[in-house]
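Asks:
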Amino acid sequence: MNTKYIAFTLALITTLTTTTIMNSDKANATTNGWSKENGNWYYYINDESKTGWLNDGGYWYYLNPSSGSMQTGWIKDAEKWYYMDDSGIMQTGKINDNGTEYILGTDGAMNEDVQPPNITNRVMGTYQTNTDDQKPTWELRWKKPTDIKTSQSNLKYYVYQSVGSCGKTMEEWESNATLLNEGGTNDIDRYPLKFEVKEDYLYMVIVENEAGLKASYGIELFPKEYIKLYK
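In structure tokens form, the structure reads like this:
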């Protein structure tokens, strides 16, 4: 038999066998790890898309229980709130979300008992006339703290007044300013100032929750003119 023919035949058999094996490997290949599909990230183990909590490389991720897509931002699981950053990694400790601070445990869960009151809503002031003696007075108004992630129940409000600076911290105001309101209830959203405003007064409204954590509104009143807000 021609040696060239034999060599060609062996080469052809080898090529066909290799191609068959490669095609077989492709057919049997499984998807594992992260996969980005239509802008969303999924995690596969043996072609199966995982759902719920996932620990990958020491980091925790949360995959949508229905679709398996990786979640970012706030998620609620078993009545607890967790925060996942833009990479999907669960956060712990203190975080700042759109100007509001939250404290997350080492397990990532937010504990409502250690959250400062959310006072991102601005304070408003209305200039009015006292109906008793027709003297011009002010009434402080503000929106109560609202946050779907915290109950913010049983809040207390303390209204302080100062002529001139008492400092910038709540502690300085509590020590040096005049307390006008001894801890209003959770339903308070305004405080009338029943006197004629003759000077430039400074005010601070301090909000305290059940855990004793506080936050404050800073307010500056100018007689018959306007209110300047600061925080």
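One gets my numbering by counting positions in the sequence shown from 1 and adding 1 to each.
Don't be surprised by glycine CBs; every beta carbon is placed ideally from N, CA and C.
1) Cβ of tyrosine 204 within 8 Å of Cβ of asparagine 182?
2) Just to confirm, is the Cβ distance from proline 118 to valine 206 under 8 Å?
3) With asparagine 177 as the anchor, note down where its alpha helix (DSSP H) starts and where it stops.
4) On the criterion of 16 or more Cβ atoms from any shown chain inside 10 Å, does tryptophan 54 qualify as buried, or is it exposed?
5) May I ask you to report which of helix, strand or coil DSSP gives glutamate 113?
6) Compute the Euclidean distance between the alpha carbons of alanine 212 and isoleucine 76, then round it to the nearest angstrom.
7) Expressed to the nearest angstrom, what Euclidean distance is found between the alpha-carbon atoms of alanine 178 and isoleucine 96?
8) List the endpoints of the continuous beta strand (DSSP E) containing glycine 34.
9) Does the Cβ of tyrosine 103 have 16 or more other Cβ atoms within 10 Å, making it buried, or fewer, making it exposed?
10) What is the DSSP secondary structure of glycine 74, reduced to helix, strand or coil?
11) Using a 10 Å radius around the Cβ and a threshold of 16 neighbouring Cβ atoms, would you call lysine 169 buried or exposed?
12) Could you give the first and the last residue of the continuous beta strand (DSSP E) run that contains threonine 31?
13) Considering only the alpha carbon of each residue, which of Ser88, Glu175, Thr151, Asp98 lies closest to asparagine 210?
14) Quick one: what does DSSP say asparagine 182 is sitting in, helix, strand or coil?
15) Nearest-angstrom Cα distance between glutamine 109 and tryptophan 42?
16) Hey, would you say asparagine 65 sits closer than 8 Å to isoleucine 46, going by beta carbons?
17) If you count every other CB in all the chains shown that lies within 10 Å of the CB of lysine 37, and 16 or more means buried, which is it?
18) Look up isoleucine 149 in the DSSP assignment and give the residues it is bridged to.
19) When DSSP labels each residue in this structure, what does leucine 203 get in the three-state scheme?
20) State the DSSP-derived secondary structure class of glutamate 102, mapped to helix, strand or coil.
21) Closer than 6 Å by C-beta to glycine 59: which residues in its own chain qualify, once you throw out the five before and the five after it? Chain order, please.
22) Could you check if serine 217 is buried or exposed, using at least 16 other CB atoms within 10 Å of its CB as the buried criterion?
Replies: Reading it off the structure:
1) no
2) In this structure, valine 206 does not lie closer than 8 Å to proline 118 by Cβ.
3) 171-177
4) exposed
5) helix
6) 24 Å
7) 31 Å
8) 34-38
9) buried
10) strand
11) exposed
12) Counted as a single uninterrupted DSSP element, the stretch harbouring threonine 31 is not any beta strand (DSSP E), since DSSP gives it neither H nor E.
13) Comparing Cα-Cα distances from asparagine 210 to each of Ser88, Glu175, Thr151, Asp98, the minimum goes to Thr151.
14) Assigned with DSSP and collapsed to three states, asparagine 182 falls in strand.
15) Checking the displayed sequence, the identity of residue 109 turns out to be glycine instead of glutamine. Distance between the alpha carbons of glycine 109 and tryptophan 42 is about 21 Å.
16) no
17) exposed
18) DSSP lists no partner for isoleucine 149.
19) strand
20) Per DSSP, reduced to three states, the secondary structure at glutamate 102 is strand.
21) none
22) With 16 or more other Cβ atoms within 10 Å, it is buried.
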